[in-house]
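A.B. asks: For reference, the structure I am asking about is given below.
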Amino acid sequence: MQRVPDWHRKAYNIASMRRIAQDRLPRPVFDFADGAAEDEWTLRRNESAFERWALLPRPLQGPATRDLSVTLFGKTLSMPLMIGPTGLAGLFWPDGELCSARAAAAAGTAYCLSHGSVCTIEQLAALNTHPRWMQVFVYRDRGLTREFTDRAAASGYDALVLTVDNQLLGNRERDVRNGFGIPPRFTLAQLLAMGTRLPWLWRMRTALPRLTMGSYQREGSREELTALAGRMAGLLDPGLNWDDVRELRERWHGPLLLKGVLHPQEARQAAALGVDGLIVSNHGGRQLDGALSSIEALPAVIEAARTLRPDMTVMIDGGIRRGADLVKALALGANAGLIGRPQLWGLAVAGEPGVRRVLELLRAEIDRTMGLLGVSKVSELGPDLLARLEH
Ligand SMILES: Cc1cc2nc3c(=O)[nH]c(=O)nc-3n(C[C@H](O)[C@H](O)[C@H](O)COP(=O)(O)O)c2cc1C
């Protein structure tokens, strides 16, 4: 049994968890998660755009207790926040995906597995945590998309997320600068400079050589991650279109979400095709630099989708670092939010307890924000609690 460090207890907010992770991870690994495309404008904007809305507290409404729960597709979550799909979570901690899924379940919320997880679709399912969602892509070989979808159905996943904004790979310049490869290799100078990173290296000593995207492996022939990652651009089909969504809609009988929707026109079309949910997202700024921030895109997407389908579930990710960020999104009409990087920072710091800590910190902030706003239930959050700032 590996001793789990308790550095995560020192994290008093998400920014401090990020700093602790930065001290613990080799630079190329930290940057792989922390970085984004090109000038990282969209990454910064995702975070800073929440400042365009201010909160309007109503202290005289003081609710004694708050109920943070929400229901998504018939399943109740203890709070309006879940863990979004991040590839190679197992690079940050051995069995990273399993740790995050357990932490989500312990917090009473949902976990979405990435197509690029180190564990397989089936290994995650064997934990029997719920709700568990599965994220897929559309490949040139549509058979592969169908295979992942069918495996998710056979393994009892509760929802399917089709990510639409990653069909051409973004240009992540920190990875270029660091010469980041998968699995990462370090020069002697980098190894000598590692200092506080040595525990990570030690912890990962057996996981690193075996690191791969589990669900892509075939019985009896194991493909090296370097080769698979190199092939990824060729596997994905930039020709993705609405016929693919239509086909997936017919194949997958549970809730289907599109992730990476920013344009109201796409929201409208998704609603017309019977998609159940949208995740307003720009992939954490990792794809199209210059894309609109998620929170700024949210109101128009909600309006477009719900004009056609008033019950459309609209979620958001990108830049949620405070409970108040999420509360603003909920007040604008989102049903719930997802986190990407904060989960990886928690994982890097302490594995499952680190992710639990991230969720606890955000839960406490959401609760406090709702209390100070004079709101006892998520459904009471509305635009009347926000002031839009022009500058
Ligand atoms: C290291 C990393 C890997 C990611 N891998 C995936 C992925 O495999 N599939 C996917 O749909 N999104 C992926 N994302 C995007 C996240 O799901 C999410 O959209 C984004 O991280 C949200 O922004 P945040 O990190 O500011 O919370 C990844 C993000 C990061 C940081």
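So the sequence shown is numbered by the working numbering: it starts at 857 and just counts up by one.
Ideal placement from N, C-alpha and C gives every residue a C-beta, glycine not left out.
Short check: CB of P987 to CB of A966, under 8 Å?
C.D. replies: In contact: P987 and A966 (Cβ atoms closer than 8 Å).
A.B. asks: With three or more beta-carbon pairs closer than 8 Å as the criterion, would you say the segment 1186 to 1201 touches the segment 1144 to 1161?
C.D. replies: Contact holds: three or more Cβ-Cβ distances are below 8 Å.
A.B. asks: Considering just the uninterrupted stretch of the alpha helix (DSSP H) at L1245, what are its terminal residues?
C.D. replies: No alpha helix (DSSP H) holds L1245; DSSP gives it neither H nor E.
A.B. asks: Give every residue of the same chain whose Cβ lies closer than 7 Å to the Cβ of P913, excluding the five residues on either side of it in the sequence, and list them in chain order.
C.D. replies: Answer for P913: L1228, L1229, G1230, listed in chain order.
A.B. asks: Compute the minimum distance between the beta carbon of R900 and the heavy atoms of ligand 1, and state whether it is under 7 Å.
C.D. replies: No, since every heavy atom of ligand 1 falls outside the 7 Å radius drawn around the Cβ of R900.
A.B. asks: Which residues does DSSP list as the beta-bridge partners of M1050?
C.D. replies: None; M1050 has no bridge partner.
A.B. asks: Runs of 4 residues minimum, wholly inside the segment 879 to 940: which ones carry the alpha helix (DSSP H) assignment?
C.D. replies: You should have 883 to 890, 897 to 904.
A.B. asks: Taking the Cβ atom as the reference point for each residue, do A1192 and P936 lie within a distance shorter than 8 Å?
C.D. replies: Their beta carbons are under 8 Å apart, which means A1192 touches P936 by this criterion.
A.B. asks: Answer yes or no: do P1111 and D1132 have a C-beta to C-beta separation smaller than 8 Å?
C.D. replies: In contact: P1111 and D1132 (Cβ atoms closer than 8 Å).
A.B. asks: Any idea what DSSP makes of M1088, helix, strand or coil?
C.D. replies: Three-state DSSP puts M1088 in a helix.
A.B. asks: Just the C-alpha distance for R1030 and G918, rounded to the nearest angstrom, thanks.
C.D. replies: Cα-Cα distance, rounded: 46 Å.
A.B. asks: Tell me whether F1184 is buried or exposed, calling it buried when 16 or more other Cβ atoms sit within 10 Å of its Cβ.
C.D. replies: The question names Phe, but residue 1184 in the sequence shown is Lys. With 16 or more other Cβ atoms within 10 Å, it is buried.
A.B. asks: When the Cα atoms are used, what is the spatial distance from L983 to C955?
C.D. replies: Each residue's alpha carbon lies about 10 Å from the other.
A.B. asks: Expressed to the nearest angstrom, what Euclidean distance is found between the alpha-carbon atoms of H971 and Q991?
C.D. replies: Taking the straight line from one Cα to the other gives about 6 Å.
A.B. asks: Can you tell which of S934, R900, R883, T1225 has the C-alpha that lies nearest to the C-alpha of G1037?
C.D. replies: Comparing Cα-Cα distances from G1037 to each of S934, R900, R883, T1225, the minimum goes to R883.
A.B. asks: Taking the alpha-carbon positions, what's the W949 to W1058 distance?
C.D. replies: Straight-line Cα distance between these residues: approximately 11 Å.
A.B. asks: V1170: which of L1194, Q979, A1180, R1177 sits nearest, CA to CA?
C.D. replies: Residue L1194 is the option with its Cα nearest to V1170.
A.B. asks: Around the C-beta of D1173, are 16 or more other C-beta atoms found within 10 angstroms, so that it is buried, or is it exposed?
C.D. replies: With 16 or more other Cβ atoms within 10 Å, it is buried.
A.B. asks: On a CA-only basis, which of G1175, G1095, D1100, L1047 is nearest Q1125? Give me that one, please.
C.D. replies: Nearest C-alpha to Q1125: D1100.
A.B. asks: Where does Y868 land, buried or exposed, given buried means 16+ other C-beta within 10 angstroms?
C.D. replies: So Y868 ends up on the exposed side.
A.B. asks: Pick from R1213, L1237, L1203, R1224: whose alpha carbon is nearest that of L947?
C.D. replies: Of the listed residues, the one whose Cα sits closest to L947 is L1203.
A.B. asks: Hey, could you find the ends of the alpha helix (DSSP H) R1107 is sitting in?
C.D. replies: Counting along the chain, the alpha helix (DSSP H) containing R1107 begins and ends at 1098 to 1107.
A.B. asks: With DSSP as the reference, identify every bridge partner of C968, one or two as the case may be.
C.D. replies: According to DSSP, C968 bridges with W989.
A.B. asks: Can you check which of these residues, L1067, A1147, G1238, is closest to L1182 by C-alpha distance?
C.D. replies: Among L1067, A1147, G1238, the Cα nearest to that of L1182 is on G1238.
A.B. asks: Can R1028 and A892 be called in contact, C-beta distance under 8 Å?
C.D. replies: Their beta carbons are under 8 Å apart, which means R1028 touches A892 by this criterion.
A.B. asks: Output yes or no for whether 8 Å exceeds the beta carbon distance between I939 and A960.
C.D. replies: Contact: yes.
A.B. asks: Buried or exposed, going by whether 16 or more other CB atoms sit within 10 Å of the CB of V1032?
C.D. replies: Exposed: under 16 other Cβ atoms inside 10 Å.
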